[in-house]
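For reference, the structure is listed below as structure tokens.
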Amino acid sequence: MAPFYDPSAYDNLPLLADAGYMFEAKHGKNIIPEFRALFEKYGTERVFGLVLNHRHFNMSSNERLVKYAGTSVPWDSMLDKTQPTSWFVSEDNNCLPYEFHYSQDDNPNEEDSAPDNPKYSAFINSFNELLREKDALGLFGICRYPGDDFPGRVEITKGRANINFHPNDAPKFMTS
247 MAPFYDPSAY DNLPLLADAG YMFEAKHGKN IIPEFRALFE KYGTERVFGL VLNHRHFNMS
307 SNERLVKYAG TSVPWDSMLD KTQPTSWFVS EDNNCLPYEF HYSQDDNPNE EDSAPDNPKY
367 SAFINSFNEL LREKDALGLF GICRYPGDDF PGRVEITKGR ANINFHPNDA PKFMTS
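Numbering (the numbering used here), first residue to last: 247 to 422.
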């Protein structure tokens, strides 16, 4: 079954470049350690990660941004085979998915580790409290924990495709 998706969750996000400017204006680097402590306090540091909320391009209301094999593109079919990877946390603590990945099989563990699971409600409430305290509502969201060996990624948008590069590979493509 496809997870609930409200296209406005994606549509209302800032474009990636604008999100970067907001990150700088809000001194995002200085806030990140406080989020790390929050994740550790609630034992979610290996369940979720912190994501800079952003979008890459406009999409139709029947499309979702789906990552497969390192590239995210809009899909308008096979949506029942997608699972959320990034969530915008609204002011009223609703977790709205806006990026997805292809998942060939139904994986009950993915639903168990979704931020709207009631067992994470105290964490989500505190997450939003910290955003308010830092005047950063909407700046950060929640993503699925990518694993201990995740090296990071550099996202490059080309047309209606978002390509995820290993940080060591990105400089080769950023100059072309």
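A virtual CB, placed ideally from N, CA and C, is assigned to each residue, including glycine.
*May I ask you to verify whether the region 327 to 347 touches the region 368 to 375, counting CB pairs closer than 8 Å and requiring at least 3?*
yes
*Mapping DSSP to helix, strand and coil, what is Gly-393?*
Position 147 of the sequence shown, counted from the start, is the residue given in the question as residue 393. Correct three-state label for Gly-393: coil.
*State the Cα-Cα distance for the pair Arg-399 and Phe-411, rounded to the nearest angstrom.*
Within the sequence shown, the letter at position 153 stands for residue 399. Within the sequence shown, the letter at position 165 stands for residue 411. Answer to the nearest angstrom: the Cα atoms are 5 Å apart.
*Between which two residues does the beta strand (DSSP E) carrying Asn-244 extend?*
No information on residue 244 is available, as it lies outside the stretch 247 to 422 that the chain covers here.
*asked:* I'd like to know whether the C-beta atoms of Thr-331 and Cys-389 end up nearer to each other than 8 Å.
replied: For the purposes of this step, residue 331 is taken as residue 85 along the sequence shown, with counting starting at 1. For the purposes of this step, residue 389 is taken as residue 143 along the sequence shown, with counting starting at 1. Yes, they are a contact pair.
*How many angstroms separate the CA atom of Asn-339 from the CA atom of Val-293?*
Residue mapping note: residue 339 aligns to position 93 of the sequence shown, counting from 1. Residue mapping note: residue 293 aligns to position 47 of the sequence shown, counting from 1. Distance between the alpha carbons of Asn-339 and Val-293: 18 Å.
*If you run the structure through DSSP and keep just helix, strand and coil, what is Glu-337?*
For the purposes of this step, residue 337 is taken as residue 91 along the sequence shown, with counting starting at 1. In this structure, Glu-337 counts as coil in the three-state DSSP scheme.
*Does the region 259 to 266 come within contact of the region 290 to 304, defined as at least 3 CB pairs closer than 8 Å?*
yes
*Of all the options Ile-278, Gly-295, Ser-349, Asp-257, which has the alpha carbon lying nearest to the alpha carbon of Met-305?*
Position 59 of the sequence shown, counting from 1, holds the residue named residue 305. Met-305 has its Cα closest to that of Asp-257, out of Ile-278, Gly-295, Ser-349, Asp-257.
*asked:* Can you find the residues in the same chain that come closer than 6 Å, C-beta to C-beta, to Gly-316, ignoring five residues on each side of it along the sequence?
replied: Taking the sequence shown and counting its residues from 1, one reaches residue 316 at position 70. For Gly-316, where only same-chain residues beyond five positions count, the Cβ hits under 6 Å are Asn-410.
*Exposed or buried, Arg-378, counting other C-beta atoms within 10 Å across all chains shown (16 or more means buried)?*
Within the sequence shown, the letter at position 132 stands for residue 378. Looking at its Cβ environment, which holds fewer than 16 other Cβ atoms inside 10 Å, Arg-378 is exposed.
*Alpha-carbon to alpha-carbon, Asp-394 and Arg-279*: On the sequence shown, position 33 is the one that residue 279 refers to. On the sequence shown, position 148 is the one that residue 394 refers to. Just to set this straight, residue 279 is Pro in the shown sequence, not Arg. Cα to Cα, Pro-279 sits roughly 17 Å from Asp-394.
*7 Å CB neighbourhood of Phe-285 in its chain, flanking five on each side removed*: On the sequence shown, position 39 is the one that residue 285 refers to. Counting only Cβ-Cβ distances below 7 Å, and skipping sequence neighbours, we find Glu-291, Phe-294.
*Could you give the uninterrupted runs of the alpha helix (DSSP H) lying entirely in the region 263 to 345, keeping only those of 4 residues or more?*
274 to 287
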